[in-house]
Amino acid sequence: MYIVIMAGGSGTRFWPFSRQAKPKQFLAIIGKNPMVVETWYRVKPLSNNREGLVVLGQQHLEEARRLFDGEKIKLLAEPVGRNTAPCIGLGALYADCMGIDEAVAFLPADHYIADAGAFLKSLKLASKMVVNDSIATLGIVPTRPETGYGYIHKGNLFSSDNGLDVYEVSSFVEKPDLETAMGYLSSGEYYWNAGIFLANPKTILKEIKLHLPDLFEGLEKIRTATGKNDFEAVLEEVYPDLPNISFDYGIMEKTKERVLVIPCDCGWSDVGSWLSLYELKKKDSDDSENVVEGDTLMIDCSGNFVASKADRFIACLGIENSLIVDTPDALLVADKSRSQEIRKIVEYLKREGRDNLL
């Protein structure tokens, strides 16, 4: 299969570690390598020793060149962020222009997978399913009644292969409230939508032409410049005018009769907040449930996440369930349970023109 990694996004919920110049996907927040590199290493065995494609923001090109030095990676820069439909469309267009006529896997750059073997097994099966204009997606087997994810409702059994089932998709469901999420979990009929898609690039482009004609028209303008000296100029002219819409909303919700879902139980997390990262991290061995990174002293503290990139000592006394993130120019102190709201801080900094902290 051909690999396309989607590495756009600003990672605002991981401020102050994540900044505009180096957002979450370019940080080694879990594991020894930055998340985008870990994503490539994870799926590289399925690439048939062929080049992979990373679609990323223009401002992150130099960092990506450094990170992927020596790897078979093509970097394709978006002049501006335009959500996942244009990103996937651009990746499909590039693959089509390269003559790729097989499954293309579109993968977010910033997910954590505990069981890479199970993940690759599901991905390989999904690649077999993308015939006759089908689109395959991985459905993450839920472990809790999560309200922060969209869901996939499975339909009829389509096939079974090597111990894995493949289902038709009944519907894509928006993020539910807690009571609804509990019902989804108990029914066994719903999976988390991880935003992982596989299809022949021609299938993607056909669906975009049908459901998002404005996007298709823009992509065709970009196609005319592919391989030419003015490609970047055309991309910079056309891309900002493409519709800002997600692939789920613009395409998947409208083509579900040809969409298949492969359940995947692989210890997946989108690592969407400091709280979700805390849950993945190894806790202190003294039953305090603290996660401590940096020169830190904890006295009578429990359930805290302390992470520091600053060259200073941090002492905590008698605090619980707090988030403390220290950098040379900014310190975050928050209730750990409110880590999803950190983007409010970023919005404030933007309003106040504090660009040096963004």
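All residue numbers for the sequence shown refer to the working numbering, where the first residue is 24 and numbers rise by one. We treat Cβ as the ideally placed atom computed from N, Cα and C, and that holds for glycine.
Closest in C-alpha terms to M275, from the list Y64, N252, L228, comes L228. Per the DSSP secondary-structure output, A222 pairs in a beta bridge with V127. With a 10 Å radius around the Cβ and a threshold of 16 neighbouring Cβ atoms, A256 comes out exposed. Non-local C-beta neighbours of F239 in its own chain, meaning closer than 8 Å and more than five positions away in sequence, comprise G112, L228, I231, K232, ordered along the chain. Between the alpha carbons of T319 and D349 lies a distance of about 11 Å. Excluding its 5 nearest sequence neighbours in each direction, S325 has C-beta neighbours in its own chain below 8 Å: S311, E312, N313, E343, N344, listed in chain order.
Shown here for S269: same chain residues with a beta carbon closer than 7 Å to its own, the five before and five after excluded, namely N106, T107, A108 in chain order.
Partner residues in the beta bridge of R42, as assigned by DSSP, are K45. In this structure, the CA atom of A353 is about 14 Å from the CA atom of L346. With 16 or more other Cβ atoms inside 10 Å of its own Cβ, Y262 counts as buried. As the crow flies, the alpha-carbon of T166 is around 8 Å from that of L208. Under the DSSP assignment, E191 falls in the beta strand (DSSP E) whose first and last residues are 187-196. Between L143 and the set D119, V153, S308, M24, the nearest pair of CA atoms involves M24. For G162, there is no enclosing alpha helix (DSSP H); the residue is part of the beta strand (DSSP E) that begins and ends at 158-163. DSSP places T278 in no alpha helix (DSSP H); its state is neither H nor E. Non-local beta-carbon contacts of L84 in its own chain, meaning distances under 8 Å to residues more than five positions away in sequence, involve L98, A100 in chain order. For V27, the secondary structure class from DSSP, reduced to helix, strand or coil, is strand.
Residues of the same chain with a CB within less than 6 Å of the CB of L355, apart from the 5 flanking positions on each side, are P39, V348 in chain order. Counting C-beta atoms within 10 angstroms of its own C-beta, C289 has 16 or more neighbours from the protein chains shown and is therefore classed as buried. By the criterion of a C-beta distance shorter than 7 Å, A204 is surrounded in its chain by P168, E169, T170, once the five residues flanking it on both sides are discounted.
Here I285 really is in contact with G162; their C-beta atoms are around 7 Å apart, less than 8 Å. Counting C-beta atoms within 10 angstroms of its own C-beta, S183 has fewer than 16 neighbours from the protein chains shown and is therefore classed as exposed. Straight-line measurement puts the Cα of W63 at about 16 Å from the Cα of S145. A straight line joining the alpha-carbon of E259 with that of P102 spans about 6 Å. Closest by C-alpha distance to V78, out of R89, C287, V59, R281, is V59. The beta carbon of C339 lies closer than 6 Å to those of M321, C324 in the same chain, with the five residues before and after it left out. G341 and K55 have their C-alpha atoms some 31 Å from each other.
Each of D307, L90, L148 was checked against the Cα of A51, and the nearest Cα belongs to L90.
Here S296 is buried: its Cβ has 16 or more other Cβ atoms, across all protein chains shown, within 10 Å. In this structure D237 is in contact with P266, their Cβ atoms being roughly 6 Å apart against a cut-off of 8 Å.
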